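Numbering (the numbering used here), first residue to last: 92 to 526. In this text, a Cβ means the ideal position worked out from N, Cα and C, and glycines have one as well. Since this is a predicted model, take the numbers as computed values, not measurements.
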């Protein structure tokens, strides 16, 4: 990611139609992400291609402010409510907005743009296909600057009192108030607009903060959403009772190294570097990490990794439990039956212990798409199935189903892990994940 890679610019235009705020803020809007113009359009009437679109930026600013908390903190889910809060088309007003979606993982925001087809009556057709990352703090700064500019325009036009100004004042107060900030963040993580969460839910979450840690509770919330309290109860009681001890060699040294990795890197870039350092620190041989060596390394009984397990709690979250401030030991709850799944879960918990702030006592490994979970998964992939050695295994052959199955057996991981690695590196098409 580059600093100053997210830019919203505009040039004011005269407008005779629409309400007073719409007329005052009619403009040519240009959005640029990492040097790529999102708003490039084919003007179907003028038969020209330009990099700006003519809209009322008041509608865009109002949409950004109304959905600020969810844009900033909510990970992707498949629902119409999520789309209305994360797709720019929700700005409405009768304008042809870009098919642009903002999706947060907590630390970065993925901006995804897709071409539009130019339906009958649409004045423009958007042209770009983009998937680009913006740092969350940079996203905040640019949205703040954009909204401030729109409000200034309204003020200059003698429209100081307006719905956008009122909503912006509320948001500013919420962001400045530490208690309200946490509340709004958690509502958004759970998929709710401000003050729309069920009565008592946010207060009930707070009761787990001292037991699990604030960030850990939010990781479980992102994964569990409506089931978050059920999951937290199981994690802090039943799952914890079924956990087993694990040793983390050189834990503090590795934590210090991870803290020094460039924070501008994406989660999988940081995680891969951390995993390579861990393999080197632990003097692991090139190639697969056998169950015997893995169990010896972490002082976990080999049967926990090598044998299929029955009687697993019906919980879609694995978990680690820190013991006081000990950097070299945790307890682990592995929620998978198959050996490959248990190995992967253990590697993820190892990653989380090395990455997460020590204020967290609970280390959840979930299916959510937060930065922390992405780091865990990428660390585990590189620890168990190093990419360079995976490519060497294929020996210049084009990966197919048989080769992927063989590679998975060789590295003692699931075929899905191998496929995901190849897709993420751009070596096979994404549709192979659904095969």
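Mind reading off the beta-carbon distance from residue i to residue j? Whole number of angstroms is fine, and I expect it under 8 Å.
i           : j           : result
residue 409 : residue 440 : 6 Å
residue 367 : residue 473 : 7 Å
residue 262 : residue 116 : 18 Å between Cβ atoms; not a contact.
residue 310 : residue 293 : Rounded, the Cβ-Cβ distance is 16 Å, inconsistent with contact.
residue 177 : residue 193 : 6 Å
residue 236 : residue 195 : Wrong, their Cβ atoms sit about 19 Å apart, outside the cutoff.
residue 451 : residue 307 : 4 Å
residue 130 : residue 214 : That pair is no contact at about 13 Å.
residue 230 : residue 97  : 6 Å
residue 442 : residue 471 : 6 Å
residue 513 : residue 490 : 6 Å
residue 338 : residue 419 : 6 Å
residue 396 : residue 434 : 5 Å
residue 461 : residue 313 : 5 Å
residue 388 : residue 336 : Contact flag wrong, Cβ pair sits at about 14 Å.
residue 242 : residue 132 : Their Cβ separation, rounded to whole angstroms, is 26 Å, which puts residue 242 and residue 132 out of contact at 8 Å.
residue 216 : residue 135 : 6 Å
residue 299 : residue 327 : 7 Å
residue 428 : residue 399 : 6 Å
Measure from the alpha carbon of residue i to the alpha carbon of each residue in the options, then state which is nearest.
i           : options               : result
residue 191 : 213, 198, 197 and 162 : 162
residue 581 : 225, 293, 99 and 143  : This structure gives no information on residue 581, because the portion of the chain shown stretches from 92 to 526.
residue 411 : 417, 456 and 371      : 456
residue 265 : 140, 156 and 513      : 156
residue 154 : 314, 259, 118 and 212 : 259
residue 444 : 431, 423 and 432      : 423
residue 515 : 450, 469, 178 and 429 : 469
residue 369 : 268, 342, 392 and 495 : 342
residue 507 : 432, 332 and 212      : 432
residue 303 : 449, 198, 333 and 172 : 449
residue 403 : 425, 371 and 298      : 425
residue 125 : 168, 111 and 202      : 202
residue 511 : 476, 335 and 322      : 476
residue 159 : 289, 388 and 197      : 197
residue 145 : 114, 478 and 283      : 114
residue 108 : 364, 373, 99 and 147  : 147
residue 281 : 421, 168, 106 and 299 : 168
residue 316 : 200, 301, 332 and 296 : 296
residue 305 : 272, 283, 284 and 289 : 272
residue 378 : 436, 488, 481 and 200 : 481
residue 204 : 139, 138, 173 and 127 : 127
residue 239 : 220, 221 and 149      : 149
Which stretch, first to last residue, makes up the beta strand (DSSP E) that contains residue i?
i           : result
residue 261 : That residue, residue 261, is in no beta strand (DSSP E); its alpha helix (DSSP H) goes 254 to 267.
residue 455 : 453 to 456
residue 334 : Careful: residue 334 lies outside any beta strand (DSSP E) and carries neither H nor E.
residue 217 : 215 to 217
residue 119 : 117 to 124
residue 102 : 97 to 103
residue 412 : 409 to 413
residue 141 : 139 to 141
residue 132 : 132 to 134
Just mark residue i as buried or exposed, buried being the case when its beta carbon has 16 or more other beta carbons within 10 Å.
i           : result
residue 382 : buried
residue 122 : buried
residue 464 : buried
residue 394 : exposed
residue 276 : buried
residue 166 : buried
residue 274 : buried
residue 103 : exposed
residue 118 : buried
residue 233 : buried
residue 430 : buried
residue 253 : buried
residue 386 : buried
residue 505 : buried
residue 467 : buried
residue 207 : buried
residue 401 : exposed
residue 351 : exposed
In the DSSP assignment, find the alpha helix (DSSP H) that holds residue i and state where it starts and stops.
i           : result
residue 148 : 148 to 157
residue 475 : 462 to 475
residue 422 : Residue 422 -> not in any alpha helix (DSSP H); beta strand (DSSP E) instead, spanning 420 to 424.
residue 371 : 358 to 372
residue 247 : 227 to 247
residue 347 : 342 to 351
residue 430 : 430 to 446
residue 497 : 492 to 502
residue 302 : 300 to 303
residue 322 : 319 to 327
residue 509 : 506 to 515
residue 403 : First-last for residue 403: undefined, no H or E at that position.
Is residue i near the ligand GTP, in the sense that its beta carbon is under 7 Å from a heavy atom of that ligand?
i           : result
residue 484 : The model on display carries no ligand, and the ligand GTP is accordingly not part of it.
Between residue i and chain D, is there a C-beta pair that is closer than 8 Å?
i           : result
residue 213 : The structure shown contains no chain D, having only a single protein chain.
**Report entry** Length-filtered (4 minimum) alpha helix (DSSP H) runs lying within the stretch 178 to 224
**Finding:** none
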